[in-house]
Amino acid sequence: MTVESNLVADRYLGPDAAQRSVARDIYEGVAGLPIISPHGHVDPRLLADPEATFGTPAELFLIPDHYILRMLHSQGVALEALGVRPRNGGSAGAEVQVDHRRAWQLFADNIFLFRATPSGMWLADELRTVFGIDEPLSSENAGAVYDAVSEKLSRPEFRPRALFERFGIETLCTTDDAADSLQAHRAMRESGWSGDVRPTFRPDGVVNVLATGWRDSINTLSAVVGRDITRTSALVSALEERRAFFTSMGAVATDHAAETAYVESLGEAEADAIMTRALKGQATADDARRFGGHMLMELARMSVEDGLVMQIHVGSLRDHSPAFFERFGANMGADIPIASEFTRNLRPLLERFGNDASLRLILFTLDETTYARELAPLAGYYPALRIGPPWWFHDSLNGMSRYLDQVIETAGLYNTSGFNDDTRAFCSIPIRHDVWRRASSNWLAGLVLRGIVSRSDAHTMAHEMAYDLAKRAYRL
Amino acid sequence: MTVESNLVADRYLGPDAAQRSVARDIYEGVAGLPIISPHGHVDPRLLADPEATFGTPAELFLIPDHYILRMLHSQGVALEALGVRPRNGGSAGAEVQVDHRRAWQLFADNIFLFRATPSGMWLADELRTVFGIDEPLSSENAGAVYDAVSEKLSRPEFRPRALFERFGIETLCTTDDAADSLQAHRAMRESGWSGDVRPTFRPDGVVNVLATGWRDSINTLSAVVGRDITRTSALVSALEERRAFFTSMGAVATDHAAETAYVESLGEAEADAIMTRALKGQATADDARRFGGHMLMELARMSVEDGLVMQIHVGSLRDHSPAFFERFGANMGADIPIASEFTRNLRPLLERFGNDASLRLILFTLDETTYARELAPLAGYYPALRIGPPWWFHDSLNGMSRYLDQVIETAGLYNTSGFNDDTRAFCSIPIRHDVWRRASSNWLAGLVLRGIVSRSDAHTMAHEMAYDLAKRAYRL
Amino acid sequence: MTVESNLVADRYLGPDAAQRSVARDIYEGVAGLPIISPHGHVDPRLLADPEATFGTPAELFLIPDHYILRMLHSQGVALEALGVRPRNGGSAGAEVQVDHRRAWQLFADNIFLFRATPSGMWLADELRTVFGIDEPLSSENAGAVYDAVSEKLSRPEFRPRALFERFGIETLCTTDDAADSLQAHRAMRESGWSGDVRPTFRPDGVVNVLATGWRDSINTLSAVVGRDITRTSALVSALEERRAFFTSMGAVATDHAAETAYVESLGEAEADAIMTRALKGQATADDARRFGGHMLMELARMSVEDGLVMQIHVGSLRDHSPAFFERFGANMGADIPIASEFTRNLRPLLERFGNDASLRLILFTLDETTYARELAPLAGYYPALRIGPPWWFHDSLNGMSRYLDQVIETAGLYNTSGFNDDTRAFCSIPIRHDVWRRASSNWLAGLVLRGIVSRSDAHTMAHEMAYDLAKRAYRL
């Protein structure tokens, strides 16, 4: 092999030759393991319809990817020129590029912006390992790459179900609204397809009284459960009912996004007073914080009772730019992290349920300062707690390195929960797991060479990190 | 030597061959230096009685070690099954395992939980270097290891005083309550034994008005000084009197745990009003914070006057789980760090005493974000300040690496205070100092190979880090 | 070459041989590039007068360097003994050492304090590369080094303008008070000298109503613009007028120091009420915070209009020790960082101007926890934002490593702004840029060896980091 091809084969391993050699050996033991994807945002309709396709290369790689859109926006590229359609249909401002080959060219012209970023690494790996395109994307080859990917995407073996199997996905969990009919999941089951795809119960839309469209979400949930939801007890029982339905459809977990980890048990009267204000459109930020904290307590209680694994994702201030939200909507790259606190905020919940292993609570943070200071000490004590993998901006090579460096010594490996890809970008699933497996192997090789773990233990730990921890953490 | 034995000999050094070679050379220059242990929690009675022993292997390694207990608890192992006796005698819940060999087996069955943790490293090193057991502890060899350690512990050369000498401990400081009679220290001195063991003055129990048993602690202190303590001035003079006694018994330092670094000088009337409320059991959290801050100011003034080195340990929220505290008491692994602040909180104290080198104030943090942001800049300016070594969860290989990376450039090495083992686990003392010496040597080798310090300077710095800095910082 | 000289030639590159080899190759491609110094504190009078000299070695290296003074102070060395003159002329306390050769000896006697610090590295590099003195400064050679440096400083080729040219400085920006006449800049221009030296508009003295001497600064500004400034609108128009003047004198940027990133648009009445209180000497801390936040909004608006690049430096609590400030004044080493917040604080400004690329706002932080959590996500979204280089205490080898590790993956390289030396120490300019170029090359080599970027891309990125990014960020 040439030096360059060695670099590709050993990519993401550290430069030290001795460590790299051990890392490669560890990696080879886990590179081909099935993928457990217990948290993500793949649209289940892609897998419900055997004939579904990914559309154009721009629709696969560019238009739905908030990591890529934000970076291009930050350097002055108009999203419309990339083929993104504003919510209002593009009545004002730039014209929407409908020629996706031209949108792709614009993307390729700016590909240098992604140097040394996860997006750049994922794209290169996807083109290489999924589509067989070894040459890095550039202005010069943009059209040819577009055409080659287009051609592949038109083939049956590049349909979602075919790739699901080729990627070796053992289990894939989607994320679904509390009121969702799970029609796509039902269709999958009824189609006789063997893929293990499970819904995840995410009630943020009805739990956060200041969420956009909260009133509509409540109405939808009311309609689904067949009764009005005007009091907290009705909301709670509706959620319980929906959880039972999700469980019957294979769900193993719930998911909750919260700006902070604040929890509090409100009395019924107080909770209902907030609900009443919210229904009148008069809820304050403090109402939202307290009601959300109250619901987290209720949801933890439900998890103790029904065994659904509870996930809390903390610390994203959503839609930082109102103008951008107005034009393009949510999840387009303008969510910005804030500092988080767990030790005091979560204490009421942990006092009540933390020593009870029938609760399984997985915590995710965007504030890395909490890894060593709060999350690892908490998870290293409370039986109910596990720490989720490096999340979002930290799902990166350096993010993984910081996570392993700061979490494991205090929490221990066995209080973590393996890897989540957390993606809606289907073709990035095997790539993201591969980055994690490489990063894990490299970290473990460092432990071996420092005499901290034996080589045999390192192989065991790599297997845990690639497969077992996630499977056990999510009770699969 | 085999590859494996090389890994053991060079353990904790980095994988790069050139750096490792320099690191080994530096390490060899300090590996055998005497141990200065200026801050720790060894029970002085172990050394007061020449016939004292460590008990069973479980009593030595398992039952008193909160690092180990918390990790086992986090994975659902009942502490009682490990031989831990609840405070209430175990009336409810699991039965206490009194067969320590079976408790040890349970520990060994779960030893995988400690992979890549400091506890796992310390245990392996203690078994190897103190007890001559090279094979890692496992389910399979648990009984044999137990028996081998038991046999050794029964020998005279494994009694605490014998190990004190074998370990090369030059000075050991214990931590003692303000009202302590220091009877064990007196007995040591009177026994004619040459070991240098010194008490440390820790008045937390009477300074924190919300501490468990504060009223009893005040009463005990009153009894010891022979006068009622109902006003702040009486508390202050009692503390001054006890400091003088501790000094006469060899103490060189005081120690103070505080949730935050807040300090404030209260007027006498205000301080007394809080004291009065506290005596009635009516003190608030704010009272405790302000009174504690006031006492830190008073204690700093006393240090200026009597020359005792002042240590402040900031940022642990003690006894996070009330149910666990109720059952097992304090210091059992359920203390969780919180974010800390020094720049503003400590300012009143530093305004008054910070430029006066007759105060020696050593700061410890559990919030690593304060290393580069606050502690290093403060210690790099104020003559009174030194930064304590990486503490508690951060007394680990990665913790040391982060500390050296983030502290030294701004504070300089000479505003740090060497290493503390901070342990009650006697056999871990030489191990923890050895980890520090290896980590220091590895860090210094990295500086040499980057051309930042000369090899000769690196040897000098390693000696400082292993020995001199601690000795000077604590005015020994 | 000997091992030692190799270490010097490859200094600051990592120890791995393969990475070092690639790093050296990358470094060689940028080592000799011209220096863009868009933010710093060089006194323009040094360059205005062709005959200006640097004075004695103590005046060059020691007396004006707050990094060095703070460290010596922290270890009990009196500043007066180093030749520093107190503001009150030294009426009380230690006598001022007027023999600079003896001050230098004292500095050299304490040079060990600077081991492994940026100050130590800069000094060694300056002596070696600027003055040709290879032997490290020591007690023993202090006098000889002093004499050798003195002799060089007396030569024409060591005058500021000569060194400016020898250092290859393409552009140097100074920092200047809003009311400054820019006489030195004018003199430079009129002298026909070709050096590109530009002023930077820094109005902190009139914007921060609690700044020392605020009233005097307002009076001075009033005098300069020829009208009384008693209302906010008058202050705003005065600033606009001065910005126009600075622009006419070549300024490309403004600079703003703020304790926090708080911004807020006050109504005119409210702003004027604060101004009125301030003029009466009755402004509160909250007044200062809000008025300062209001002025940042106004200054951002002005930048949108006049195109001056806006720099905000956040998070230094100035003059932490009042006694020290009283004796020696500002900028003497007693400024201490505090935790910072950008996501919420800056939001009003970013809502208004953040998506507008005609604003160029460069943010600097002393709180590294904000790199990955706030600054990189913000700059990776908002077209108006760029992240400044590692600042002050973090302008160090480890600081750069942490910065690159935590910023680039999320912000991308192209949302950073290259390097600033931010120094008043003229001879350290090429050294600091060299450290950055070496650190960049080493980081890039790591990316190459991990297969993350190609070698060709690494060369391009190194060039950007050394030169282009700064030039474009500052619209030069």
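Going down the list, the sequences are from chains R, U and B. If you count the first sequence from 1, position 474 lands on 474 in our numbering, and the numbers rise without skipping. If you count the second sequence from 1, position 194 lands on 670 in our numbering, and the numbers rise without skipping. If you count the third sequence from 1, position 169 lands on 1121 in our numbering, and the numbers rise without skipping. A virtual CB, placed ideally from N, CA and C, is assigned to each residue, including glycine.
Environment of residue i [buried if 16+ CB atoms lie within 10 Å]
i: U:VAL574; result: exposed
i: U:GLN882; result: buried
i: R:THR171; result: buried
i: U:GLU802; result: exposed
i: B:GLU1257; result: exposed
i: B:GLU1220; result: exposed
i: B:PRO1009; result: buried
i: B:THR1164; result: exposed
i: R:SER233; result: exposed
i: U:PRO632; result: exposed
i: U:ALA570; result: exposed
Beta-carbon proximity of residue i to residue j, cut-off 8 Å
i: B:GLU1293; j: R:PRO322; result: no
i: U:TYR738; j: U:ASN684; result: no
i: B:LEU999; j: B:VAL1204; result: no
i: R:TRP391; j: R:ASP367; result: no
i: U:ALA600; j: U:LEU538; result: no
i: R:ALA285; j: R:LEU210; result: yes
i: U:MET664; j: U:THR730; result: no
i: U:LEU837; j: U:ALA860; result: yes
i: U:ARG521; j: B:HIS1272; result: no
i: R:ARG202; j: R:ASP177; result: yes
Own chain partners of residue i with C-beta closer than 7 Å, once the 5 adjacent residues on each side are dropped
i: B:ARG976; result: ASP962 and LEU965
i: R:LEU266; result: ARG290 and HIS294
i: R:TYR27; result: ARG437, ARG438 and SER441
i: B:LYS1104; result: PHE1083 and PHE1110
Option nearest residue i by Cα separation, candidates the options
i: R:GLY55; options: R:GLY281, R:LEU447 and R:PRO160; result: R:PRO160
i: B:GLU1361; options: R:LEU296, R:ILE63, R:GLY120 and R:TRP104; result: R:GLY120
i: U:GLU746; options: U:GLY757, U:THR736 and U:ALA764; result: U:ALA764
i: B:HIS991; options: B:SER1406, B:GLY1340, B:ALA1414 and B:GLY1364; result: B:GLY1340
i: U:SER670; options: U:ARG678, U:PHE677 and U:HIS661; result: U:HIS661
i: R:THR343; options: R:ALA334, R:ALA144, R:ALA376 and R:LEU359; result: R:ALA376
i: B:ASP1409; options: R:LEU137, R:GLU59, R:ASP147 and R:PHE364; result: R:LEU137
i: U:ALA806; options: U:ALA815, U:ARG794, U:ILE812 and U:PRO813; result: U:ARG794
i: B:GLY1202; options: B:GLN1135, B:VAL1188 and B:ALA1190; result: B:GLN1135
Own chain residues within Cβ distance below 8 Å of residue i, not counting five before or after
i: R:ALA31; result: ASP434 and ARG437
i: R:TYR467; result: VAL30, LEU33, PRO34, ILE36 and GLY418
Close beta carbons around residue i, own chain, < 6 Å, minus the five adjacent residues each side
i: B:TRP1429; result: For chain B, the structure presents residues 953 to 1428; residue 1429 of chain B sits outside this window and is missing.
i: U:SER550; result: none
i: R:PHE114; result: GLY120
i: B:VAL1176; result: ALA1131
Closer than 7 Å: residue i CB and nearest the ligand COA heavy atom
i: B:SER1348; result: Within the structure as shown, the ligand COA is missing, as the structure has no ligands at all.
Under 9 Å from the C-beta of residue i: neighbouring residues of chain C
i: R:PRO337; result: This model lacks chain C altogether; the protein chains it does include are R, U and B.
Fill in: Entirely enclosed beta strand (DSSP E) segments - the region 1195-1227 of chain B, minimum 3 residues
Annotation note: the region 1195-1227 of chain B contains the following uninterrupted beta strand (DSSP E) runs of length 3 or greater, listed N- to C-terminal: 1205-1210.
Worksheet entry | Sequence ranges, beta strand (DSSP E) only - wholly within the region 365-447 of chain R, length at least 3 | For the region 365-447 of chain R, whole beta strand (DSSP E) runs of length 3 or above, ordered along the chain, are 385-387.
Item to complete: Could you tell me which uninterrupted alpha helix (DSSP H) segments, each at least 4 residues in length, are contained entirely in the region 648-672 of chain U, listed from first to last along the chain?
Response: Listed in chain order, the alpha helix (DSSP H) runs fully inside the region 648-672 of chain U are 659-666, counting runs of at least 4 residues.
Worksheet entry | Ordered list of beta strand (DSSP E) runs contained in the region 1143-1179 of chain B, each at least 3 residues | For the region 1143-1179 of chain B, not a single whole beta strand (DSSP E) run of length 3 or above is found.
Item to complete: Would you mind listing the beta strand (DSSP E) stretches within the region 984-1060 of chain B that are 3+ residues and don't spill past its ends, in chain order?
Response: 987-989, all fully within the region 984-1060 of chain B.
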